[in-house]
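Residue numbers (the working numbering), protein chains in the order written: chain A, -10 to 335; chain B, 732 to 1080.
Scroll down for the structure; my scribbles are underneath it.
Shown next, in the form of structure tokens:
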């Protein structure tokens, strides 16, 4: 049975609904995004509603940018292509309390709308409400003190979070987490399993089917095909998923030849986090700038200024310590021991 | 076998391209900065080497397993749908910047425009270096009359090129550029890219929409037979008015005035969006240069690049303060009447 409607509630911060258009039932329901299934819930009053299926956009009186972006007040429509993926999206009520979003896509496009559309809507909603989202992983200890590791890919943020599970920490997220008023809230999405984060604990709990999948994907690597294996963390370590904790220490991880951990100022930390988030936001940066070009005094145009302002408000330097951790370019267990030392020190 | 081509951009910036290959058949299309070609330049600001190379450094920092970064150093090796490239930028913030690129492309574009990607990187570095000197390489067109310059900014598809063509043919204006121009204190400096193509279009096409494969081929064959397409270029003129052209999905034309600070975002986004768009036709739509800049800032947040990515709009805006700036709404479909309207807006006091 494929469902027609999925409701999501992420800590009451973002609530949204994905609806599959009836006419396209068979074609689309198999392709409904599963990225946020941890936050499935019954009924909600959504911040935005995504209706999946073919649609006719309402393009009258729009400004047309680059021949394909149609923009008017709180409205954006475009048809996008990325490699073989194609999708079109129409957002009504952009950056308001109720966004109605229509999306249609082809098979490869189904893989991208999470990054290019839903992620954008979540980010813009959090930004509007003054809540921060940070590109990083986070863990918390038994006394609900949380530790955050903000980094680009390849710095070991996932490895650190997974390593920490072996020493009684709880998991809050491995790629993005939510921060509001000095508290870190989990943001649980499927975990990408690679050889380097395939820890004993994960191996033990990995569903049999996923183990086979991983085995074959690893074989494909030898002929140059890289496919990720995504597993729901609830299947791997259900007892180790935390909900939220007071942020105690925030680490900026940057891979470097020399390993070193130093205290930095809040201002420096914010700049690192900002650029980190901007890099992560490249898939939707074009929407921000296109809309911002047409409506230069909108809050969308000021997206990054608002992001920075929210960060500044949500991270109090009196209760949070900021560190710059230069970690080896290839992650090893010594990294976690070094970081654990700093975490456990007062 | 290699070749050295020198460029002098209005004595504001100089560059040298060293190519591993020598003259190619398609160079009249491939080399887009020919207007600025000089016999020689001493102490060039930018050296662009287009050939196979080994990275000079292994990189103290690594971002996303892909980029090696050190102070004043960037290296990456990447690929996209139709292209793969290696890029090294050395001493971006010093007097002399060296760029090493090797790039291989697939498809027709690799024959017609083999050096498009390296030149695109050069364009971004020129934009950055000019910015540090207080000059702005803006995404826009400019025409000139009686010693005055009129700049037309706007996103892709806002018919900047067609408007320029008609203003020059019918309204007595001269050309300064239809994709980029340099705005400095008081003056607009010409920045023609592929001037031969623009000149061909003026003589042979109604508007920019006609520039397809047939005309490309014809223009190429005529050039091969020795025909030279050129038009008069006004190197520098006094900046008089700036328009932001907006194509609107309705009939009729309109003029909008925004408050001054709203223009800062427009000026910023108009340029930065080009990072996503201007190499899209190579199948690269994820703004590599923008990502390189952000990755560098992710390691060195205090570098001058920060100012470039955030202050471009307001610095440009204060440079043109006191000049008239206006939004011009034009209809969805182009007709010569649009150029007439622009001409009227230009002469309106």
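Beta carbons are placed, not taken as given, at the ideal position from N, Cα and C, and that holds for glycine.
Beta-carbon spacing of residue i, residue j below 8 angstroms
| i | j | result |
| --- | --- | --- |
| residue 129 of chain A | residue 174 of chain A | no |
| residue 767 of chain B | residue 843 of chain B | no |
| residue 934 of chain B | residue 53 of chain A | no |
| residue 1090 of chain B | residue 899 of chain B | The requested residue 1090 of chain B does not occur in the structure, where chain B is confined to residues 732 to 1080. |
| residue 316 of chain A | residue 248 of chain A | yes |
| residue 1051 of chain B | residue 848 of chain B | no |
| residue 136 of chain A | residue 127 of chain A | yes |
| residue 741 of chain B | residue 966 of chain B | yes |
| residue 809 of chain B | residue 1067 of chain B | no |
| residue 817 of chain B | residue 799 of chain B | no |
| residue 279 of chain A | residue 1004 of chain B | yes |
| residue 813 of chain B | residue 790 of chain B | no |
Residue i versus residue j - alpha carbon distance
| i | j | result |
| --- | --- | --- |
| residue 243 of chain A | residue 841 of chain B | 37 angstroms |
| residue 240 of chain A | residue 6 of chain A | 34 angstroms |
| residue 256 of chain A | residue 869 of chain B | 31 angstroms |
| residue 89 of chain A | residue 122 of chain A | 22 angstroms |
| residue 302 of chain A | residue 171 of chain A | 9 angstroms |
| residue 324 of chain A | residue 820 of chain B | 31 angstroms |
| residue 289 of chain A | residue 84 of chain A | 7 angstroms |
| residue 1027 of chain B | residue 908 of chain B | 31 angstroms |
| residue 1080 of chain B | residue 971 of chain B | 11 angstroms |
| residue -9 of chain A | residue 1033 of chain B | Summary for residue -9 of chain A: the model assigns pLDDT 48, below 50, so the residue's position carries little reliability; its value from the coordinates is reported in the next sentence. One C-alpha to the other measures close to 51 angstroms. |
| residue 1059 of chain B | residue 179 of chain A | 48 angstroms |
| residue 269 of chain A | residue 124 of chain A | 7 angstroms |
| residue 73 of chain A | residue 903 of chain B | 46 angstroms |
| residue 91 of chain A | residue 331 of chain A | 47 angstroms |
| residue 326 of chain A | residue 182 of chain A | 22 angstroms |
| residue 112 of chain A | residue 2 of chain A | 11 angstroms |
| residue 293 of chain A | residue 1072 of chain B | 37 angstroms |
| residue 807 of chain B | residue 266 of chain A | 20 angstroms |
| residue 151 of chain A | residue 1017 of chain B | 30 angstroms |
| residue -6 of chain A | residue 8 of chain A | 4 angstroms |
| residue 98 of chain A | residue 949 of chain B | 38 angstroms |
| residue 836 of chain B | residue 1077 of chain B | 42 angstroms |
| residue 300 of chain A | residue 1036 of chain B | 22 angstroms |
| residue 190 of chain A | residue 755 of chain B | 59 angstroms |
| residue 334 of chain A | residue 314 of chain A | 15 angstroms |
| residue 968 of chain B | residue 912 of chain B | 12 angstroms |
| residue 196 of chain A | residue 22 of chain A | 21 angstroms |
| residue 194 of chain A | residue 992 of chain B | 56 angstroms |
| residue 1053 of chain B | residue 1038 of chain B | 23 angstroms |
| residue 1069 of chain B | residue 975 of chain B | 14 angstroms |
Under 9 angstroms by beta carbon: chain B residues contacting residue i
| i | result |
| --- | --- |
| residue 143 of chain A | 793, 794, 795, 796, 797 |
| residue 59 of chain A | 980 |
Chain A contact residues for residue i, given Cβ-Cβ distances below 7 angstroms
| i | result |
| --- | --- |
| residue 996 of chain B | 281, 285, 290 |
| residue 812 of chain B | 72 |
| residue 993 of chain B | 285, 286 |
| residue 1008 of chain B | 55 |
| residue 977 of chain B | 52 |
Cβ-Cβ separation, residue j to residue i (assumed contact under 8 angstroms), whole Å
| i | j | result |
| --- | --- | --- |
| residue 1029 of chain B | residue 141 of chain A | 6 angstroms |
| residue 160 of chain A | residue 231 of chain A | 6 angstroms |
| residue 348 of chain A | residue 39 of chain A | The structure shown does not extend to residue 348 of chain A, since chain A is modelled only from -10 to 335, so the question has no answer here. |
Per-residue contacts from residue i into chain B (C-beta, under 7 angstroms)
| i | result |
| --- | --- |
| residue 278 of chain A | 1000, 1003, 1004 |
| residue 260 of chain A | 1032 |
| residue 318 of chain A | 793 |
Amino acids of chain B, ordered along the chain, whose beta-carbon sits closer than 8 angstroms to that of residue i
| i | result |
| --- | --- |
| residue 244 of chain A | 792, 793, 794 |
| residue 265 of chain A | 1029 |
| residue 257 of chain A | 1032 |
Residue i: contacting residues in chain A (beta-carbon distance under 9 angstroms)
| i | result |
| --- | --- |
| residue 981 of chain B | 49, 50, 51 |
| residue 1018 of chain B | 271, 274, 275 |
| residue 1026 of chain B | 141, 264, 268 |
| residue 911 of chain B | Chain A residues near residue 911 of chain B: none, gap ~16 angstroms exceeds 9 angstroms. |
| residue 989 of chain B | 285, 286 |
| residue 956 of chain B | Result: empty, since nearest Cβ-Cβ is about 34 angstroms, beyond 9 angstroms. |
Listed by chain order, chain A residues near residue i by CB distance under 8 angstroms
| i | result |
| --- | --- |
| residue 735 of chain B | Going along chain A, no residue has its Cβ under 8 angstroms from residue 735 of chain B, so there is no contact; the nearest lies around 36 angstroms. |
| residue 887 of chain B | 54, 55, 56 |
Quiz item: Would you call the segment 995 to 1007 of chain B and the segment 1041 to 1048 of chain B in contact, with 3 or more CB pairs under 8 angstroms?
Solution: In short, these stretches touch, since the Cβ pair count reaches three.
Self-check item: Validate contact between the segment 762 to 780 of chain B and the segment 745 to 753 of chain B using beta carbons, cut 8 angstroms, 3 pairs
Solution: Output reads yes: the segment 745 to 753 of chain B touches the segment 762 to 780 of chain B.
Quiz item: Taking three-plus beta-carbon pairs below 8 angstroms as touching, is the segment 226 to 239 of chain A in contact with the segment 306 to 323 of chain A?
Solution: Flag = yes, the segment 226 to 239 of chain A and the segment 306 to 323 of chain A touch.
Self-check item: Three CB pairs or more closer than 8 angstroms across the segment 810 to 827 of chain B and the segment 851 to 863 of chain B
Solution: Contact between the segment 810 to 827 of chain B and the segment 851 to 863 of chain B is established, with three or more Cβ pairs separated by less than 8 angstroms.
Exercise. Could you say if the segment 871 to 880 of chain B and the segment 911 to 921 of chain B meet the contact criterion of at least three C-beta pairs nearer than 8 angstroms?
Key: Here the segment 871 to 880 of chain B makes contact with the segment 911 to 921 of chain B; the two share three or more CB pairs at distances below 8 angstroms.
Quiz prompt | Any 3 or more C-beta pairs closer than 8 angstroms across the segment 19 to 38 of chain A and the segment 195 to 203 of chain A | solution = No, because fewer than three Cβ pairs between the segment 19 to 38 of chain A and the segment 195 to 203 of chain A fall closer than 8 angstroms, the two stretches do not touch.
Self-check item: Segment contact flag, the segment 1050 to 1069 of chain B with the segment 979 to 993 of chain B, C-beta cutoff 8 angstroms, min 3 pairs
Solution: The segment 1050 to 1069 of chain B, when compared against the segment 979 to 993 of chain B, does touch it at the 8 angstroms Cβ threshold.
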